[in-house]
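Protein chains: 2
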Amino acid sequence: MGATSVSPLAPAAFPELPAIAGVKLHTATLGIRYKGRPDVFLAELDPGTQVAAVFTTSTTASAAVRWGREALKGGTARAFFVNAGNSVAFTGKAGEKFVADKVETASKALGCDKAEIFTASTGVIGEPTTANRITDAMGDLLANDASWLDAAKAIMTTDTFPKGASATAKINGTTVSISGFAKGSGMIEPNMATMLGFIFTDAAIPHAVLQAVLADCNNRSFNAITVDSDTSTSDTVLLAATGKAGNDAVSGMDDPALTEFKDALEGVLRDLAHQIVRDGEGATKFITVNVTGAVSEKEAKIAAKAIANSPLVKTAIAGEDANWGRIVMAVGKCGVTADPNKLTISIGGIALAKNGERVEDYDETPVEAHIKGQYIDIVADLGFGDGAATVWTCDLTHGYISINADYRS
Amino acid sequence: MGATSVSPLAPAAFPELPAIAGVKLHTATLGIRYKGRPDVFLAELDPGTQVAAVFTTSTTASAAVRWGREALKGGTARAFFVNAGNSVAFTGKAGEKFVADKVETASKALGCDKAEIFTASTGVIGEPTTANRITDAMGDLLANDASWLDAAKAIMTTDTFPKGASATAKINGTTVSISGFAKGSGMIEPNMATMLGFIFTDAAIPHAVLQAVLADCNNRSFNAITVDSDTSTSDTVLLAATGKAGNDAVSGMDDPALTEFKDALEGVLRDLAHQIVRDGEGATKFITVNVTGAVSEKEAKIAAKAIANSPLVKTAIAGEDANWGRIVMAVGKCGVTADPNKLTISIGGIALAKNGERVEDYDETPVEAHIKGQYIDIVADLGFGDGAATVWTCDLTHGYISINADYRS
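Quick mapping for you: the protein sequence lines, in order, are chains A and B.
For the first sequence, my numbering gives the first residue as 478, with consecutive numbering after it.
For the second sequence, my numbering gives the first residue as 478, with consecutive numbering after it.
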């Protein structure tokens, strides 16, 4: 499994996450792929819990994702039921049966509709398996109460640390809490979602509004990170709102009463997304790419992704080399409106190139000091309009090659 | 400079290239960046030589490319004038002057229009320089006759071997010859052209026809390779037709008299493109990706590029791991019409996955034997239509990281 040590960019500790009324966590240690650690988790949700979700846009999405897309139409959830070690993606009818068996068993145990059971699976693609080991353990699983940390650990694959985040916000004067966790390290360029993220709140927000809020916040968090430009077949973010906080009803996505909640939720999603980048396979640097001055927000994001995904930019930063010409190259290749004579490139807040050439009296010393740090800031101003976007990524190192040249073996 | 040894995929020797009547080669050793080796070459072309060219589509293209796009309108060339060690890309007015000085000096020395001088530069982006050292040496350069091998070496940067190819064809009963050379190793996902390629023929083909033939052949050769998904600011392929073979006139791109020539030219371009992949930074495996069954040729090429550019696919092959699930992922992420239940994946001619799941009685042994070799064949059949495309790439290894984490330093 390549990576045995914790990422140098890992947070000091797993954060304290507040309990969410109406949510009970359970884990089990079934040895699906990993030995001696929990590898299955189930979040039991009180009746009436509203759900929102975003999934991978992959056309080869896993059976779990395809089930989730259907189940989401119901708008409520009684369980998130997740395993690590096998993604059950591209396993045909066997994969569909795997998901159906999990859903069937959980819905019977909880006495609810099948459409209220959301599943997710992460691990190797295309390995046939059955759900027996998981469904047979349903009784033990429900009997084993778990902490946020246990649950966050149960979904890890090549992750080197568990990832959690929380926030509180007021809705119409009532304090609500948000707690969530996520996993992801490689095959990360989420497109509508990340590898796996599970968020819980006691806020009372109806499904349709919850879905709109999640989709919006997701665009500036999970959908704004990339480790290696590869989009998973399993990307899933599930958000459960139990309503136990008892806040007054909100009227819709644009209700001002939701402003604070939206900020808090986006903060939690962004924190988790950043933790995935910090655990990017082989990462030694956390890179923030800001593109400004694009003709639109859409073009800004395309350019920011082109910079963040360029193997030459990422290896230059791994080598602590302020090779800004590669940033120029990345902007140029991605097809957005750009002109070398209008382009400004800054690293660590220092402009290196302006108006089509290196700045006069260019002194690399302060830039070199910045690039030897762990947190690298790149700004490319295209000089055309008001379009801006931020994307977060990590460097590309020997560690990435080591982890991925023998992941499955 | 990272790479010190020759790529394990290098051809045994530089090929014998036939001389092309009407073409004289010259090189000079000026120490622009590299010491003790030729770093400038000039191909002197007899009056009336027809020219065709394809350039990078980068919006941050170098001054040399921007000059070439203009000069091409004239349709004739008297010189290809090239330096290695500095790409003069993103160097503003200084870069434009660099190109103008080269063009001015060469046109005076050869007594021709400026628009008949084509330049190209390859090397670091954004490093200011002047053309003085090159223009001052014009007399010595023209006095120093060089071989194909000398010229091929003069344009190398991180290349570990010089790249040449040739062919002959008959046009209306007259034998014509084609000789060419190229360079490239990193920053390779050409988009309309490769890093640098220079092709010469004694065929008599007018500019407009030559241009159409080059653009077409280029799509299935240089435009069908990728090393690292990064598109250079300097990509240029120049094709000179001196007309000295004296073949009868051709009527247009679709003249059957050109069939053999087109095949021969495409063969030369493909051979050179393959040599660039074989010299891909850090490459240890040459990978052929065929996508079939797509709804269109365009979608087939998008899917083939997605597979060929996936860092997870490339590292799996570096690790000699037939991790075909990553091929499924790459097809899924790229947005083309696909459905796991119709997808077939083969490696080394052996189907591993069919109709959405692993083939029954899957035996990895023969696939493992194939993947331990140097030449890897991947086929993804999408099961929808007749669209097909082939893309060539190499694996992603520790060598790529080593070369690029300290290229400029």
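Heads up, the beta-carbon is just placed ideally off N, CA and C, and yes, glycines get one too.
Being a predicted model, the structure only gives us computed values, none of them experimental.
Enclosing alpha helix (DSSP H) for residue 693 of chain A [first to last residue]: 684 to 696 is the span of the alpha helix (DSSP H), which, as asked, contains residue 693 of chain A.
Starting from residue 828 of chain A, find everything on chain B with Cβ-Cβ shorter than 7 Å and list it in chain order. Simply none; closest approach about 13 Å.
Shortest alpha-carbon distance to residue 833 of chain A belongs to which of B:536, B:695, B:504? Residue nearest to residue 833 of chain A within the set B:536, B:695, B:504 is B:536 (criterion: CA-CA distance).
Taking Cβ positions only, does residue 602 of chain A come closer than 8 Å to chain B? In terms of beta-carbon proximity, residue 602 of chain A lines the interface with chain B, with at least one pair separated by less than 8 Å.
So if I threshold CB-CB distances at 7 Å, which residues from the segment 831 to 845 of chain B count as touching chain A? So the list reads 832, 833, 834, 835, given in the order they occur along the chain.
Chain B partners of residue 544 of chain A, CB-CB under 7 Å? Those do not exist, as residue 544 of chain A stays about 14 Å from chain B at its closest Cβ, beyond 7 Å.
Quick one, which of B:882, B:854, B:765, B:628 has its alpha-carbon nearest residue 799 of chain A's? Distances from the alpha-carbon of residue 799 of chain A to those of B:882, B:854, B:765, B:628 put B:882 closest.
Once DSSP output is grouped into helix, strand and coil, what is the label at residue 769 of chain B? Here residue 769 of chain B sits in strand by DSSP.
Residue range of the unbroken beta strand (DSSP E) whose run includes residue 522 of chain B: From DSSP, the beta strand (DSSP E) with residue 522 of chain B extends over 517 to 522.
Compare the Cα-Cα distances from residue 773 of chain B to each of B:748, B:746, B:814 and report the closest residue. Ranked by Cα distance from residue 773 of chain B, the first of B:748, B:746, B:814 is B:814.
Please give me, in chain order, every unbroken run of the beta strand (DSSP E) with length at least 3 that falls completely inside the segment 791 to 845 of chain A. Inside the segment 791 to 845 of chain A, DSSP marks whole beta strand (DSSP E) runs of 3 or more residues at positions 821 to 824, 827 to 831, from first to last along the chain.
Could you list the residues in the segment 775 to 791 of chain B with a C-beta less than 8 Å from some C-beta on chain A, going in chain order? Cβ contacts with chain A come from 786, 787, 788, 789.
Own chain, CB closer than 6 Å to residue 894 of chain A, minus 5 neighbours either side, in chain order: Residue 894 of chain A falls outside the range modelled here, since chain A spans only 478 to 886, and no answer is possible.
Beta-carbon spacing of residue 897 of chain A, residue 704 of chain A below 8 Å: Residue 897 of chain A is absent from the structure shown; chain A starts at 478 and stops at 886.
Comparing the C-beta of residue 594 of chain A with each C-beta of chain B, is any distance below 8 Å? Chain B, which has no Cβ nearer than 8 Å to the Cβ of residue 594 of chain A, makes this no.
Of all the residues that make up the segment 737 to 757 of chain A, which are near chain B by a beta-carbon distance shorter than 8 Å? Listed in sequence order: no entries.
Would you tell me roughly how many angstroms separate the C-alpha atoms of residue 557 of chain B and residue 623 of chain B, rounded to the nearest one? Between residue 557 of chain B and residue 623 of chain B, the C-alpha separation is close to 14 Å.
Between the segment 592 to 603 of chain A and the segment 707 to 720 of chain A, do at least 3 Cβ pairs fall closer than 8 Å? Result yes; three or more Cβ-Cβ pairs closer than 8 Å.
If residue 603 of chain A sits next to residue 805 of chain B, beta carbons under 8 Å apart, how far is it from one beta carbon to the other, in whole angstroms? Residue 603 of chain A to residue 805 of chain B, Cβ: 7 Å. Contact.
So, under 8 Å CB-CB, residue 636 of chain B and residue 662 of chain B are touching, yes? Tell me the CB distance rounded to an integer number of Å. Sure, about 5 Å apart at Cβ, within 8 Å.
Inter-stretch contact (C-beta, 8 Å, three-pair minimum) for the segment 846 to 863 of chain B and the segment 727 to 742 of chain B: Contact between the segment 846 to 863 of chain B and the segment 727 to 742 of chain B is absent: fewer than three C-beta pairs spanning the two stretches fall below 8 Å.
Enumerate in chain order the residues of its own chain whose CB-to-CB distance from residue 506 of chain B is below 6 Å, with the five nearest sequence positions on each side excluded. The residues are 515.
Please tell me whether residue 484 of chain A has its Cβ less than 8 Å away from any Cβ of chain B. Chain B, which has no Cβ nearer than 8 Å to the Cβ of residue 484 of chain A, makes this no.
Could you tell me if residue 837 of chain B is buried or exposed, where buried requires 16 or more neighbouring beta carbons within 10 angstroms of its beta carbon? Under this definition residue 837 of chain B is an exposed residue.
Taking only the alpha-carbon atoms, compute the straight-line gap between residue 609 of chain B and residue 860 of chain B and give it to the nearest angstrom. Each residue's Cα considered, the two are about 58 Å apart.
Buried or exposed, going by whether 16 or more other CB atoms sit within 10 Å of the CB of residue 698 of chain A? With 16 or more Cβ atoms within 10 Å of its Cβ, residue 698 of chain A is classed as buried.
Counting C-beta neighbours from all protein chains within 10 Å, is the total for residue 775 of chain A 16 or more, i.e. buried, or is it exposed? Exposed: under 16 other Cβ atoms inside 10 Å.
Which of helix, strand or coil DSSP assigns to residue 671 of chain A: Note on residue 671 of chain A: pLDDT 48, under 50, position unreliable in the model; the coordinate value appears next. DSSP places residue 671 of chain A outside both helix and strand once states are collapsed to three, so it counts as coil.
Nearest-angstrom beta carbon gap, residue 657 of chain B and residue 646 of chain B [assumed within contact, 8 Å]: So it is not a contact: roughly 14 Å between Cβ atoms.
From the beta carbon of residue 673 of chain B, is the nearest beta carbon of chain A less than 8 Å away? Not closer than 8 Å to any Cβ of chain A, the Cβ of residue 673 of chain B fails to qualify, so no.
From the beta carbon of residue 878 of chain A, is the nearest beta carbon of chain B less than 8 Å away? Yes, residue 878 of chain A lies at the interface with chain B (some Cβ there is under 8 Å from its Cβ).
For residue 615 of chain B, go through chain A and note every residue whose CB falls closer than 7 Å to its CB, in chain order. What residue 615 of chain B touches in chain A: nothing, since even the nearest Cβ is about 26 Å away.
Buried or exposed: which applies to residue 504 of chain A, given that a residue is buried once 16 or more other Cβ atoms fall within 10 Å of its Cβ? It is buried - the Cβ of residue 504 of chain A has at least 16 other Cβ atoms within 10 Å.
I'd like to check one pair, residue 530 of chain B with residue 500 of chain B: are the Cβ atoms closer than 8 Å? No; because the gap between Cβ atoms is not below 8 Å, this pair is not in contact.
In this structure, how does DSSP classify residue 739 of chain A when only helix, strand and coil are distinguished? In the structure shown, residue 739 of chain A sits in a helix (DSSP, three-state: H, G or I).
Nearest chain B C-beta to residue 633 of chain A closer than 8 Å, yes or no? Contacts with chain B at 8 Å (Cβ-Cβ) do not include residue 633 of chain A.
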